[in-house]
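Start counting the sequence shown at 8; every next residue gets the next number (my numbering). Worksheet: the structure to be examined is printed underneath.
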Amino acid sequence: MEKSSPIIKVEDLTFSYRKGGSLVLKGISLEINQGDFIAILGQNGSGKSTLVRHFNGLLQPTSGRVRVKEMDSKTTPVSKLAASVGYVFQNPDHQIFCASVWDEITFGPKNLGYSKDAVEANGREALEIMELTGKEERHPHSLSRGERQRLAIATVLAIKPDVIILDEPTGGQDKARTEKLMYILKNLNEKGHTIIIITHDIELAAEYAKRVVVIFDGGLLLDGHPRDVFLEEEQLHQTFLTVPDIFAFSRAMQLKTPALSPAEFVAEYKKMKLA
Ligand SMILES: Nc1ncnc2c1ncn2[C@@H]1O[C@H](COP(=O)(O)OP(=O)(O)OP(=O)(O)O)[C@@H](O)[C@H]1O
Ligand SMILES: [Mg+2]
């Protein structure tokens, strides 16, 4: 694959859950490139989960097209798409069905025909990254909600897909865990994985995402670098999103480059003082 061609290409996608029913997605076009770190924002019910479920073939377009590495999602088996695009469900319990943590983590790689060694190595690595080592024999449903969330992520990591989608990954996690998870995602992104997170946490999006996509009423409202998107105050207001405090504050302070995180604020403020 050429480096410049998008890893996922969405063309004029519409979708309705019922034949002839109202459209939940109303014509979305979007290109996702290898190495992107995207945060998808938008109100409850705007269509975020519905959109990303098209990226691994869980849902098929009512009209339009979704291509993953040039493969049309309509004609490519879901198992093949799953090796390229991993999706962590909004509710971890929707993807947990095995009798032990280890079975759960190795289910994907086994099913996709990975070698015995790869199944073992990927499984161990995913356990380690998500801090579940030692819990291999536990029944997934005996884990805490936070642990089940981490297990759901581990099941996808074990496949090592090019694109990792996490639908509200920070639900049920405290601040320290959330930061740890974001650090892990940042590392995976630096290793070349494309990361897509759906989140209601705009501060998190500001700090970690390299690109923000805002969905409003089944359409794409905004798409760009977080700083550019956050300058579109009127459009954000329409979808009840408020820019991070640190961004608003640095604009009020007339910083040349509005900050996306407290650390950026400090750096920019020092620069301004020196100038
Ligand atoms: N399985 C389904 N069957 C029918 N309608 C559905 C189904 N799943 C979602 N919808 C509807 O589609 C619309 C978009 O839902 P979706 O779950 O994609 O939104 P979302 O942006 O992910 O919301 P949230 O932030 O609450 O997760 C909503 O009106 C929702 O009620
Ligand atoms: Mg959702």
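Every residue gets a Cβ at the ideal spot worked out from N, C-alpha and C, and that includes glycine.
Buried or exposed by the 16-neighbour rule on C-beta atoms within 10 Å, applied to residue i
i      : result
Thr57  : buried
Glu271 : buried
Gln102 : buried
Asp43  : buried
Arg25  : exposed
Asn194 : exposed
Asn51  : exposed
Pro84  : exposed
Leu281 : exposed
Thr249 : exposed
Met260 : exposed
Phe104 : exposed
Gly120 : exposed
Thr140 : exposed
Glu264 : Inspection of the sequence shows that residue 264 is occupied by Thr rather than by Glu. It is exposed - the Cβ of Thr264 has fewer than 16 other Cβ atoms within 10 Å.
Phe254 : buried
Ser29  : exposed
Ser257 : buried
Arg157 : buried
Val17  : buried
Val75  : buried
Phe223 : buried
Met8   : Here Met8 scores only 44 on pLDDT, less than 50, and its place in the model should not be relied on; the value that follows carries that caveat. The residue is exposed, with fewer than 16 neighbouring Cβ atoms inside 10 Å.
Contact check, residue i vs residue j, beta carbons under 8 Å
i      : j      : result
Val59  : Ile191 : no
Asp174 : Gln97  : yes
Pro147 : Asn129 : no
Trp109 : Glu138 : no
Leu37  : Phe22  : no
Leu134 : Glu214 : no
Asp208 : Arg155 : no
Val170 : Gly225 : no
Ala46  : Ala212 : yes
Thr185 : Ile112 : no
Leu188 : Thr206 : no
Thr201 : Ile35  : no
Pro168 : Ser91  : yes
Three-state secondary structure (DSSP) of residue i
i      : result
Asp19  : strand
Asp235 : helix
Val126 : helix
Ala46  : strand
Ser53  : coil
Leu248 : coil
Phe256 : helix
Lys280 : helix
Val31  : coil
Ile209 : helix
Tyr4   : Because residue 4 is not part of the residues shown, which for the chain are 8 to 282, the question remains open.
Ile39  : strand
Tyr24  : coil
Glu9   : With a pLDDT of 45 at Glu9, under the threshold of 50, the modelled position of this residue cannot be trusted; read the value that follows with caution. Reduced to three states, the DSSP call for Glu9 is coil.
Ile222 : strand
Asp110 : helix
Leu158 : helix
Ile136 : helix
Residue from the options with nearest C-alpha to residue i
i      : options                        : result
Ala89  : Ile166, Pro265, Lys280         : Ile166
Ala216 : Phe22, Ser36, Pro13, Leu48     : Leu48
Leu228 : Gly54, Thr140, Ile160          : Gly54
Gln180 : Asp169, Glu197, Ile160         : Ile160
Ile14  : Ala212, Phe62, Glu214          : Phe62
Gly199 : Gly27, Met260, Leu20, Gln41    : Gln41
Ser70  : Asn118, Ile204, Thr113, Leu20  : Leu20
His232 : Val220, Gly27, Val73, Gln245   : Val220
Pro251 : Gln245, His244, Glu241, Phe237 : Phe237
Asn118 : Lys87, Leu150, Val95, Arg152   : Lys87
Glu127 : Arg145, Asp235, Leu164         : Leu164
Glu210 : Arg131, Arg234, Asn196, Asp230 : Arg234
Lys182 : Arg218, Asn196, Gly153         : Gly153
Ser12  : Lys123, Glu77, Ala274, Pro269  : Glu77
Any C-beta of chain B under 8 Å from that of residue i
i      : result
Tyr276 : Here there is only one protein chain, and chain B is not present.
Next item on the list: For ligand 2, enumerate in chain order all residues having a CB closer than 7 Å to any of its heavy atoms.
Entry: Counting every residue whose Cβ lies closer than 7 Å to a heavy atom of ligand 2, we get Lys55, Ser56, Gln97, Asp174, Glu175, Ile205.
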